[in-house]
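In this text, residue positions in the sequence shown follow my numbering: the first is 4, and each later residue adds one.
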Amino acid sequence: MTSTVGPSPYYENSGFQPENIYSTRQPEGANPCPPYFSTNALSVPSYDPRIATYQSSTPVARSSGRTCAPSVKKTIIIISSILLVACCAIAAFFIWYFVENRCFGSLIECGSSGACISPSQWCDGVSHCPNGEDETRCVRLFGPNFMLEVYSPISKSWYPVCQDGWNDDYGKTACKDMGYSVDTYYYSQGVATEVGFKNYMKLNTSAGNIDLYKKLYSSDSCASGNVVSLRCIECGTSAKSVNIMSRIVGGSGAVPGQWPWQVSLHVQGIHVCGGSIITRQWIVTAAHCVEGRFSDPYSWRVYAGILNQNEMLLRNGYRVQQIISHPDYDADSKDNDVALMKLETPLSFTGTVRPVCLPNPGMMFQPNQQCWISGWGAEYQGGKTSNNLNYVMVPLIEQSRCNSIYIYNGMILPTMICAGYLGGGFDSCQGDSGGPLVTNKSSVWWLVGDTSWGTGCASPNRPGVYGNMTVFTDWIYKNMQAYR
Ligand code: 4AZ
4 MTSTVGPSPY YENSGFQPEN IYSTRQPEGA NPCPPYFSTN ALSVPSYDPR
54 IATYQSSTPV ARSSGRTCAP SVKKTIIIIS SILLVACCAI AAFFIWYFVE
104 NRCFGSLIEC GSSGACISPS QWCDGVSHCP NGEDETRCVR LFGPNFMLEV
154 YSPISKSWYP VCQDGWNDDY GKTACKDMGY SVDTYYYSQG VATEVGFKNY
204 MKLNTSAGNI DLYKKLYSSD SCASGNVVSL RCIECGTSAK SVNIMSRIVG
254 GSGAVPGQWP WQVSLHVQGI HVCGGSIITR QWIVTAAHCV EGRFSDPYSW
304 RVYAGILNQN EMLLRNGYRV QQIISHPDYD ADSKDNDVAL MKLETPLSFT
354 GTVRPVCLPN PGMMFQPNQQ CWISGWGAEY QGGKTSNNLN YVMVPLIEQS
404 RCNSIYIYNG MILPTMICAG YLGGGFDSCQ GDSGGPLVTN KSSVWWLVGD
454 TSWGTGCASP NRPGVYGNMT VFTDWIYKNM QAYR
């Protein structure tokens, strides 16, 4: 593989980031500007109706005892000025406070909706926030080691979980809360903590039979020194290693079990798009595959573990119960080109039917990182779909480079990622859409993208464009959890 891009930038899956910073409570009903700081206070002091305002240019000479001496006037002006500045500063603080913090006291804000809930309602198994953030932002898996992290709505940060007292029952609860089914639960194990952790979530094992999240408390120590690594599903394993220069355009024919997450999506017995298995019931595909007349779940059949299209026609395929297209998908720009299909009956996992792993936040994909695409798409621009599953290695292309004037000139949005060869020759093509762009890292196959668009197929300076899965994982988990 030729290296054309420098080493410094990387693609980082930053996952959910807290939106606001909370500070201490502002007393309800407090007036930031008391009446003596009113704007006309300086021009109409009550003790001397004759005193000049700031606008007066000619000071009035005073002789009587009731008028102010110049030094007294000066003092009043200085004090008034200081008070005015202090009032403005206090007012500015309160304006900032109300803009930044919409919830009073210990109440917690629900994402960006502005709704407020009490800390005891966060992660209690009942959705209180309008968009359900209180139940979807409880746990996440971080980095290539699947490190379990729990969200603290108070400090608005994620903490690793100390392994002390942890068991598989807690692991299953955490997996369920991410939208996984308990029957695919794989394992929990302790991994040595990275230096630099200052805070952990620890289990209060004497807390009795209460909810997992109520048992967790924040601590700056972890006796075992191990944190929980959690696998909710055995994903990202393939029976066959890949032969790098092994059609798609310019690729090779796949063997059984090589890309076990790859599915073929049919409408009326015709292959329309590809997709990727992420759980027994959920398939990730492209939103543009399920637009318009293709949005009816009952028109689709899903074929898994079969490499040959002719063979699929002899089988029944899996029925689709539900299709969820990304709400922000834009058909013109192909922004957020991702959709989920829920199968009516769960898949049975075998050597040739297996899920791929969704990328965890904190994973980095390097520019030029080797990735693989697979599908039954055309083998050349304008060709018909292939009878056999093909694959090819495509390196990632840095965002700024792909957006350069001689490539896609600003059309690559943050929800997209480019992969391919600027010299052309190897690429995804019509019919590969919705299918996987995967990479192997730490011996696990990760879904980096879903095939989305490109100008033609395998032309120079027109690489393939894929949905950037790292930005969709929060949306995917949220939907898997909501439509369990
Ligand atoms: C398509 O229409 C399509 N060369 C998929 C990928 C590419 C172009 C078109 C990228 O399904």
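Note that beta-carbon positions come from the ideal geometry of N, C-alpha and C, so glycine has one too.
Values in this document were obtained by computation on a predicted structure and should not be read as measured data.
Residue range 171 to 180 is occupied by the alpha helix (DSSP H) that includes K175. With respect to L350, A307 sits close: the two C-beta atoms are nearer than 8 Å.
Cα atoms of I111 and N311: separation of roughly 53 Å, rounded to the nearest angstrom. Rounded to the nearest whole angstrom, the C-alpha separation of K77 and S83 is 10 Å.
Judged by their CB atoms, D299 and G470 are not nearer to each other than the 8 Å cut-off. The C-beta distance from S436 to G467 rounds to 10 Å, too long to fall under 8 Å, and the pair is not in contact. The Cβ neighbour count for G378, taken over all protein chains shown within 10 Å, is at least 16; the residue is labelled buried. By the Cβ rule, the stretch 364 to 378 does not count as touching the stretch 234 to 242, because fewer than three pairs are nearer than 8 Å. Looking at the DSSP output, I420 shares a beta bridge with Y469. Going by DSSP, K387 is part of no alpha helix (DSSP H) at all; its letter is neither H nor E. Restricting attention to S116, T282, N212, the CA atom closest to the CA of V356 is found in T282. In the three-state reduction of the DSSP assignment, I251 falls in the coil class. Residues K175, C178, K179 of the same chain have their beta carbon placed closer than 8 Å to that of V185, with the five preceding and five following residues left out of the count.
Residue environment for F107: exposed (fewer than 16 other C-beta atoms within 10 angstroms of its C-beta). Residue nearest to G438 within the set V447, K444, W456 is W456 (criterion: CA-CA distance). Distance between W169 and V194, taken at the CA atoms: about 12 Å. Fewer than three beta-carbon pairs drawn from the stretch 220 to 232 and the stretch 269 to 282 are found closer than 8 Å, and the two stretches are therefore not classed as touching.
The closest heavy atom of the ligand 4AZ lies 7 Å or more from the beta carbon of Q312. When DSSP states are grouped into helix, strand and coil, K76 belongs to the helix group. The shortest CA-to-CA distance from G354 to any of K243, Q484, A461, N464 is the one to K243. Contact between the stretch 213 to 223 and the stretch 252 to 266 is absent, with fewer than three C-beta pairs closer than 8 Å. Going by DSSP, M315 is part of the alpha helix (DSSP H) stretching over 312 to 315. Collapsing the DSSP output to three states places P147 in coil. Straight-line measurement puts the Cα of K481 at about 28 Å from the Cα of M414. Counting only residues of its own chain and dropping the five nearest sequence neighbours on each side, E136 has a CB closer than 6 Å to the CB of C113, G114. About 20 Å separates the Cβ atoms of M150 and Q484, ruling out a contact at the 8 Å cut-off. Burial is judged here by how many other beta carbons sit within 10 angstroms of a residue's own beta carbon; T208 has fewer than 16 and is exposed. In its chain, beyond the 5 residues on either side, N406 have a beta carbon closer than 8 Å to the beta carbon of N412. With at least 16 other beta carbons inside 10 angstroms of its own, T473 counts as buried.
In this structure, the CA atom of V441 is about 33 Å from the CA atom of N202.
Of the candidates S336, W478, T348, the residue whose Cα lies closest to the Cα of N363 is W478.
Collapsing the DSSP output to three states places W478 in a helix. Remark: the shortest separation between the CB of G452 and any heavy atom of the ligand 4AZ does not fall under 7 Å.
The residue among V88, V293, C292, V266 with its C-alpha nearest the C-alpha of Q284 is V266.
Within the same chain, V395, G428, F429, D430, A461 come within 8 Å of G253 by CB-CB distance, once the 5 residues on both sides are set aside. Between L346 and V305, the beta carbon gap of about 6 Å places them in contact (Cβ cut-off 8 Å).
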